[in-house]
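Residue 99 in the working numbering is what sits at position 102 of the sequence shown, and the numbering runs on without skipping anything.
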Amino acid sequence: MDRGVNIIDFCTGTGCIPLGVFSSLQHSVDNLTVRGVDVSPVALRLAQENIARNVRLGNLIKPTKHKRLDITRADVFSDGDMQQLAVTPWDIIVSNPPYISEDIWHHGRGQLEYSVRKYEPRLALVPDKDLPCPSKCKPADVFYARLLDITELLKPRVVLFEIGDDEQARRVLQLYFSHPIAQKSRTEIWRDLPDFEGAKGTEIVLHLNEQKEECRVPVKGDGLIRSILIHNLEWAER
């Protein structure tokens, strides 16, 4: 791609993902744009501080015209904000959005340590109960439903979402297969170590509709189920 590589991270928080991505690619990609997006002014301020600190420490090169690391305030659920982001041709979308249910936030259920509830902001972990939630979508999964719509708007080539566990993976896959982008792409599940050769032939089997149409999704790597990859995206216009 002559214009370089453009990567956008939604729900960026303090910027760990865009900083890590920029650090990995800063010396190998001539034209690079990495942008973190969040709605919280506090998180964005901390992300900017993290960038400045890592530039001072020499972990990051100072961003330039051709190697950009940006932090932007925008609301994932604002159509206007997303339309503004669509002006840039994005190649890759990544996101570790809020995905913890109200029940787990309050009771843990062995899935959330007390220290997380004590020190991390609820906004970063639990979707707000007032967010628009599509039918057949659990409140904990509402960001994924919205991010699938954003994928259709921004038309990237690759998408990677972090997820909470096996059960949520199945629910998000159901959202994916009911979305128009499923007709334009392929998907797979990644474990903690996606490059590690785990159990051969591992897959998730879904029954998608009332006719119990079966769909098999490959699961790659070793460790716990951690993310969903959407790739081979094909767009008529881009």
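For glycine and all other residues, C-beta sits at the position ideal for the given N, C-alpha and C.
Practice task
Flag this pair as touching only if the region 159 to 170 and the region 80 to 100 have three or more C-beta atom pairs under 8 Å; answer yes or no.
Solution key: yes
Problem - Ser92 CB to nearest heavy atom of the ligand GTP below 6 Å - result: With respect to the ligand GTP, the structure shown offers nothing to examine, as it has no ligands at all.
Practice task
With a threshold of 16 other CB atoms inside 10 Å of the CB of Pro15, please say whether the residue is buried or exposed.
Solution key: Against the sequence shown, residue 15 aligns to sequence position 18. By the neighbour-count rule (16 or more Cβ atoms within 10 Å), Pro15 is buried.
Problem - Alpha carbon of Gly17 to alpha carbon of Asp100, nearest angstrom - result: As a first step, residue 17 must be located in the sequence shown, where it is residue number 20. As a first step, residue 100 must be located in the sequence shown, where it is residue number 103. Rounded to whole angstroms, Gly17 to Asp100 spans 31 Å at the Cα level.
Handout entry: With 16 other Cβ atoms within 10 Å as the buried cut-off, status of Leu221
Key = Residue mapping note: residue 221 aligns to position 224 of the sequence shown, counting from 1. Exposed, by the Cβ-count rule.
Problem - Arg0, buried or exposed, once every other Cβ within 10 Å from all chains shown has been counted against 16 - result: One-based indexing of the sequence shown puts residue 0 at position 3. Looking at its Cβ environment, which holds fewer than 16 other Cβ atoms inside 10 Å, Arg0 is exposed.
Handout entry: Proximity below 7 Å, CB of Ala44 to CB of Gly33
Key = As a first step, residue 44 is located in the sequence shown; it is residue number 47 there, counting from the start. As a first step, residue 33 is located in the sequence shown; it is residue number 36 there, counting from the start. Going by C-beta atoms, Ala44 is nearer than 7 Å to Gly33.
Handout entry: Any 3 or more C-beta pairs closer than 8 Å across the region 133 to 152 and the region 164 to 175
Key = yes
Practice task
Have a look at Tyr173, Asp189, Tyr116, Thr30 and flag the residue whose alpha-carbon is nearest the alpha-carbon of Leu66.
Solution key: Translated into positions along the sequence shown, residue 66 becomes position 69. Considering only alpha carbons, the answer is Thr30.
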